[in-house]
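A.B. asks: Sending over a structure as structure tokens; questions will come in a sec.
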Amino acid sequence: MLQLYDSLSREKRLFVPGDPARVTMYVCGPTVYNHAHIGNFRAAVVFDLLFRLLRRRFGEGAVVYARNFTDIDDKIIKASKETGAPIAEITTKYARIYDEELSAFNCLAPTAKPAATGHIAEMIALTERLVAQGFAYAAKGHALFSVGKFADYGRLSGADADERLAGARVEIAPYKENAADFVLWKPSKADEPGWESPWGRGRPGWHLECSAMIEKVLGETIDIHGGGQDLKFPHHENEIAQSACAHSGAPLARYWLHNGFLNMGADKMSKSLGNVALPRDLLKKHHGETLRFALLSAQYRQPLEWTDDLIEQSKKQLDRFYRLLAEAAPDGEADIPESVVLPLEDDMNTPEAIAGLHELRDIAMQMEGEPKRRAAARLKAAGALMGFFASAPEAWFKWTPPSDGAALTAEAIEAMLAERTAARKAKDFKTSDRIRDALAAEGVIIEDGQSGATWRRV
RNA sequence: GGCCACGUGGCGGAGUGGUGACGCAGAGGUCUGCAAAACCUCGUACCCCGGUUCAAUUCCGGGCGUGGCCUCCA
11 MLQLYDSLSR
21 EKRLFVPGDP
31 ARVTMYVCGP
41 TVYNHAHIGN
51 FRAAVVFDLL
61 FRLLRRRFGE
71 GAVVYARNFT
81 DIDDKIIKAS
91 KETGAPIAEI
101 TTKYARIYDE
111 ELSAFNCLAP
121 TAKPAATGHI
131 AEMIALTERL
141 VAQGFAYAAK
151 GHALFSVGKF
161 ADYGRLSGAD
171 ADERLAGARV
181 EIAPYKENAA
191 DFVLWKPSKA
201 DEPGWESPWG
211 RGRPGWHLEC
221 SAMIEKVLGE
231 TIDIHGGGQD
241 LKFPHHENEI
251 AQSACAHSGA
261 PLARYWLHNG
271 FLNMGADKMS
281 KSLGNVALPR
291 DLLKKHHGET
301 LRFALLSAQY
311 RQPLEWTDDL
321 IEQSKKQLDR
331 FYRLLAEAAP
341 DGEADIPESV
351 VLPLEDDMNT
361 PEAIAGLHEL
371 RDIAMQMEGE
381 PKRRAAARLK
391 AAGALMGFFA
401 SAPEAWFKWT
411 PPSDGAALTA
421 EAIEAMLAER
431 TAARKAKDFK
441 TSDRIRDALA
451 AEGVIIEDGQ
461 SGATWRRV
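Residue 337 in the working numbering sits at position 327 of the first sequence, with consecutive numbering throughout.
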């Protein structure tokens with residue numbers, strides 16, 4: 011029984027899809043104009059976990075997960091003007107990097123990755139319908155959604171439009187009939203990209219693409235719509251309004267999920283504050299799986315302090331698991347123990363699930379032989395559900411950060427290890443300890459075991 | 001100003017009306033030539049003040065503190 015906290019009803023609800031044979035999920039993806047930051051990745055990783063949970067419960071082929079790329083937007087236009095690079099070049103590049111980096115975080119590829127520029131016709135058609143039905147109007151080259159026509163407006167974010175405006179700091183555009191109305195379509199200047207439309211040459215507003223692409227790729231009412239907490243208003247509020255009005259009131263999504271933020275010290279991590287950590291940089295120093303573990307170390311709706319210490323702690327925990335997997339090669343298929351599945355299906359309580367992994371490790375560690383290998387298989391299966399343990403243990407412990415160009419090669423380490431083994435055999439502990447210290451200084455730890463010495467990187 | 005979160009031990013972070021998860025770090029021990037790993041043991045944590053209750057960290061009210069959102073985009 012999968013329970014999810016629905017932001018719209020503000021309660022944890024049993025998840026029941028509209029059609030168990032086709033479970034649909036849409037997650038707001040990045041605007042591809044520069045590198046994503048690790049806070050953006052929290053959403054991607056959290057919904058990757060949910061994707062995995064849904065696939066387990068409903069079947070791999072039964073879950074359709076779409077994550078969009080916003081590839082037309084003022085920030086992209088600005089980046090293009092500043093760098094001189096064509097828009098398509100910028101968006102293609104950053105979309106590719108985003109995908110590559112996410113796969114380093116063990117994220118599965120979404121079923122579909124629709125891009126805004128691939129759905130201009132759908133957006134125009136959706137807007138035409140809204141205008142024809144009186145939910146939207148044209149004004150000075152714009153098409154605007156008339157918020158007053160949608161009674162439920164504000165339900166997701168918990169405030170009606172008038173209240174919002176009372177505290178707003180922004181001037182109201184003169185072409186709006188009502189201050190709260192938002193843009194579906196807006197005119198493009200001559201040097202800006204644009205498409206012909208019934209309202210003149212222009213481009214879509216921010217919110218339109220999601221509604222249009224959801225309709226096209228997934229359907230009128232989807233099961234789950236996800237994104238960061240900051241998207242609740244106005245983005246998701248507007249999506250809800252557009253889609254419901256275009257679909258005779260049919261709700262856009264049955265469940266709305268919003269992940270919390272990463273904090274960097276006192277503040278939310280954000281590009282405008284400049285206090286961001288980029289996966290691009292983090293991946294130079296840390297394994298993607300370590301970063302994934304760090305992102306999942308708090309329940310997804312809670313704020314999470316993003317610190318170097320958190321990354322270190324995550325690495326050490328993964329080491330403990332991998333050590334067991336190295337000791338006892340997992341044997342055969344295994345069911346995923348309830349100690350891990352139950353917390354995950356309870357609104358993705360990842361900290362409790364991780365506690366479950368530790369418990370499985372403790373149990374397995376005390377066994378020997380075949381039972382130990384079966385216990386290891388259970389641990390591995392449980393971790394795999396969360397997107398962990400994707401590496402071979404050997405590779406995990408010998409992994410070198412890409413940034414560490416001066417790192418000792420495996421061959422050099424093996425040579426020193428052989429030297430040390432010879433010294434130990436001769437009871438020359440002074441030499442053997444010197445070699446061990448030298449390796450330790452390079453971040454290589456030696457472990458003397460029953461069957462000889464092994465090494466691993468810190 | 002409006003709305004929404006959150007405040008747990010050195011750190012990260014669950015959870016619960018009554019037996020104080022889990023991990024990291026730390027301390028002691030077993031093992032080891034010494035280590036590492038593993039294993040065992042330990043840790044006067046629940047922002048403040050009221051209230052409800054036999055009992056509150058957990059429920060209610062207030063306070064303080066922290067964070068987020070408040071549109072087309074300057």
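For every residue, glycine included, the Cβ atom is placed at its ideal position computed from N, Cα and C.
Which of the three DSSP states is assigned to Q2 in this structure?
C.D. replies: Lying outside 11 to 468, the shown extent of the chain, residue 2 is not represented and no answer is given.
A.B. asks: Pick from H296, W465, I423: whose alpha carbon is nearest that of A336?
C.D. replies: On the first sequence, residue 336 is found 326 positions in, with the first residue counted as 1. Comparing Cα-Cα distances from A336 to each of H296, W465, I423, the minimum goes to W465.
A.B. asks: Bridge partners for D356 per DSSP, in chain order?
C.D. replies: Residue 356 sits at position 346 when you count from the first residue of the first sequence. DSSP lists Q13 as partners of D356.
A.B. asks: How many Å lie between L166 and A76 at the Cα?
C.D. replies: Here residue 166 is taken as the residue at index 156 of the first sequence, counted from 1. Here residue 76 is taken as the residue at index 66 of the first sequence, counted from 1. Using only the alpha carbons, I get a separation of about 21 Å.
A.B. asks: In terms of residues, what are the limits of the beta strand (DSSP E) holding L154?
C.D. replies: As a first step, residue 154 must be located in the first sequence, where it is residue number 144. Residues 152 to 155.
A.B. asks: How is the alpha helix (DSSP H) around G393 delimited, first residue to last?
C.D. replies: By 1-based counting over the first sequence, the position of residue 393 is 383. Element bounds for G393: 379 to 395.
A.B. asks: Between which two residues does the beta strand (DSSP E) harbouring A263 extend?
C.D. replies: Here residue 263 refers to the residue found at position 253 when the first sequence is read from its first residue. Start and end: 263 to 269.
A.B. asks: Contact between the region 346 to 364 and the region 383 to 402 is defined here as three or more beta-carbon pairs at a separation below 8 Å; is this criterion met?
C.D. replies: As far as the Cβ criterion goes, the region 346 to 364 touches the region 383 to 402, which means the pair count is three or higher.
A.B. asks: In this structure, does DSSP put T137 in helix, strand or coil?
C.D. replies: Here the question's residue 137 lines up with position 127 in the first sequence. If DSSP states are grouped into helix, strand and coil, T137 belongs with the helices.
A.B. asks: What's the call for S113, buried or exposed, on a 16-neighbour Cβ count within 10 Å?
C.D. replies: Translated into the one-based positions of the first sequence, residue 113 becomes position 103. That one is exposed.
A.B. asks: By alpha-carbon positions, which one of I423, C255, L272, I97 ends up nearest to E202?
C.D. replies: Here residue 202 refers to the residue found at position 192 when the first sequence is read from its first residue. Checking every option, the nearest Cα to that of E202 belongs to I97.
A.B. asks: On the CB-based measure, 16 or more other CB atoms within 10 Å of its CB, does K196 come out buried or exposed?
C.D. replies: Within the first sequence, the letter at position 186 stands for residue 196. So K196 ends up on the buried side.
A.B. asks: What is the DSSP secondary structure of L427, reduced to helix, strand or coil?
C.D. replies: Position 417 of the first sequence holds residue 427. L427: helix per DSSP, three-state reduction.
A.B. asks: Quick check: the region 127 to 146 against the region 254 to 274, are there 3 or more CB pairs under 8 Å?
C.D. replies: Flag = yes, the region 127 to 146 and the region 254 to 274 touch.
A.B. asks: Below 7 Å CB to CB, which residues in the same chain sit around K382 once its five sequence neighbours on both sides are set aside?
C.D. replies: For this step, residue 382 is matched to residue 372 along the first sequence. So the qualifying residues of the chain are A338, A374.
A.B. asks: So which of P361, R371, V351 has the shortest CA-CA distance to R67?
C.D. replies: Position 57 of the first sequence holds residue 67. For the residues P361, R371, V351, the minimum Cα distance to R67 belongs to V351.
A.B. asks: I need the straight-line Cα distance from A260 to A251, nearest angstrom please.
C.D. replies: Your numbering for residue 260 matches position 250 in the first sequence. Your numbering for residue 251 matches position 241 in the first sequence. Going by the C-alpha atoms only, they are around 10 Å apart.
A.B. asks: From the DSSP output, in three-state form, read off T410 for me.
C.D. replies: The residue you call residue 410 lines up with position 400 of the first sequence. T410 falls in the coil class under three-state DSSP.
A.B. asks: Figure out for me which residue from L59, L354, I364 has the closest Cα to the Cα of M11.
C.D. replies: Counted from its first residue, the first sequence places residue 11 at position 1. Nearest of L59, L354, I364 to M11, Cα basis: L354.
A.B. asks: Nearest CA to the CA of F79: which residue from K88, A89, K103, F61?
C.D. replies: Reading the first sequence from its first residue, position 69 is the one you call residue 79. Of K88, A89, K103, F61, the residue nearest in Cα terms is K103.
A.B. asks: Check whether the Cβ atoms of E247 and Y147 lie closer than 8 Å to each other.
C.D. replies: Working through the first sequence from its first residue, we reach residue 247 at position 237. Working through the first sequence from its first residue, we reach residue 147 at position 137. In this structure, Y147 does not lie closer than 8 Å to E247 by Cβ.
A.B. asks: Can L328 and F303 be called in contact, C-beta distance under 8 Å?
C.D. replies: Taking the first sequence and counting its residues from 1, the one referred to as residue 328 is at position 318. Taking the first sequence and counting its residues from 1, the one referred to as residue 303 is at position 293. Yes, they are a contact pair.
A.B. asks: Can you name, in chain order, every residue of its own chain whose Cβ lies under 6 Å from the Cβ of W406, other than the five neighbours on each side?
C.D. replies: What you label residue 406 is simply residue 396 of the first sequence in a count that begins at 1. Excluding sequence neighbours, W406 sits near Y332.
A.B. asks: Assuming V74 contacts T121 (C-beta within less than 8 Å), just tell me the rounded distance between them.
C.D. replies: The residue given as residue 74 occupies position 64 in the first sequence. The residue given as residue 121 occupies position 111 in the first sequence. Going by Cβ atoms, the distance from V74 to T121 rounds to 5 Å, so yes, they are a contact pair.
A.B. asks: For the beta strand (DSSP E) holding D458, just list the boundary residues, first then last.
C.D. replies: Position 448 of the first sequence, counted from the first residue, corresponds to residue 458. Counting along the chain, the beta strand (DSSP E) containing D458 begins and ends at 454 to 459.
A.B. asks: To which residues does DSSP link I97 through a beta bridge?
C.D. replies: Locating residue 97 in the first sequence gives position 87, where the first residue counts as 1. None, per the DSSP bridge assignment.
A.B. asks: With DSSP run on the structure shown, which of helix, strand or coil describes E315?
C.D. replies: For the purposes of this step, residue 315 is taken as the residue at position 305 of the first sequence. Strand, per DSSP.
A.B. asks: Tell me whether the beta-carbon of Q312 lies closer than 8 Å to the beta-carbon of G270.
C.D. replies: Locating residue 312 in the first sequence gives position 302, counting from the first residue. Locating residue 270 in the first sequence gives position 260, counting from the first residue. Going by C-beta atoms, Q312 is nearer than 8 Å to G270.
A.B. asks: Give the straight-line distance between the Cα atoms of D183 and E132, rounded to the nearest whole angstrom.
C.D. replies: Here residue 183 is taken as the residue at index 173 of the first sequence, counted from 1. Here residue 132 is taken as the residue at index 122 of the first sequence, counted from 1. Before going further, note that residue 183 is Ala rather than Asp in the sequence given. Going from the Cα of A183 to the Cα of E132 covers about 26 Å.
A.B. asks: If we call anything under 8 Å between Cβ atoms a contact, is H296 one with P411?
C.D. replies: Walking along the first sequence from the start, residue 296 turns up at place 286. Walking along the first sequence from the start, residue 411 turns up at place 401. Contact: yes.
A.B. asks: Relative to the C-alpha of I234, which candidate in P244, R264, S207, L367 has its C-alpha closest?
C.D. replies: Taking the first sequence and counting its residues from 1, one reaches residue 234 at position 224. Per the Cα distances, R264.
A.B. asks: Starting from the C-beta of R371, find all residues in its chain whose C-beta is less than 7 Å away, skip the five residues before and the five after it, and write them out in chain order.
C.D. replies: Taking the first sequence and counting its residues from 1, one reaches residue 371 at position 361. If we look at R371 and ignore the five residues flanking it on each side, its Cβ neighbours are R330, F331, L334, L389.
A.B. asks: Quick test of your reading: L64 and V33, contact by CB under 8 Å. State the CB separation rounded to the nearest angstrom.
C.D. replies: The residue labelled residue 64 in the question sits at position 54 within the first sequence. The residue labelled residue 33 in the question sits at position 23 within the first sequence. With 8 Å as the limit, L64 and V33 qualify as a contact, their Cβ atoms being about 5 Å apart.
A.B. asks: If we count the other Cβ atoms within 10 Å of its Cβ and call it buried at 16 or more, is Q309 buried or exposed?
C.D. replies: Stepping through the first sequence from its first residue, residue 309 is reached at position 299. Q309 should be labelled buried.
A.B. asks: Could you name the residues that DSSP lists as bridge partners for Y310?
C.D. replies: Your numbering for residue 310 matches position 300 in the first sequence. Note: Y310 sits in no beta bridge, so no partner.
A.B. asks: Answer yes or no: do I445 and A433 have a C-beta to C-beta separation smaller than 8 Å?
C.D. replies: As a first step, residue 445 must be located in the first sequence, where it is residue number 435. As a first step, residue 433 must be located in the first sequence, where it is residue number 423. Against a cut-off of 8 Å, the Cβ pair of A433 and I445 comes out as a contact.
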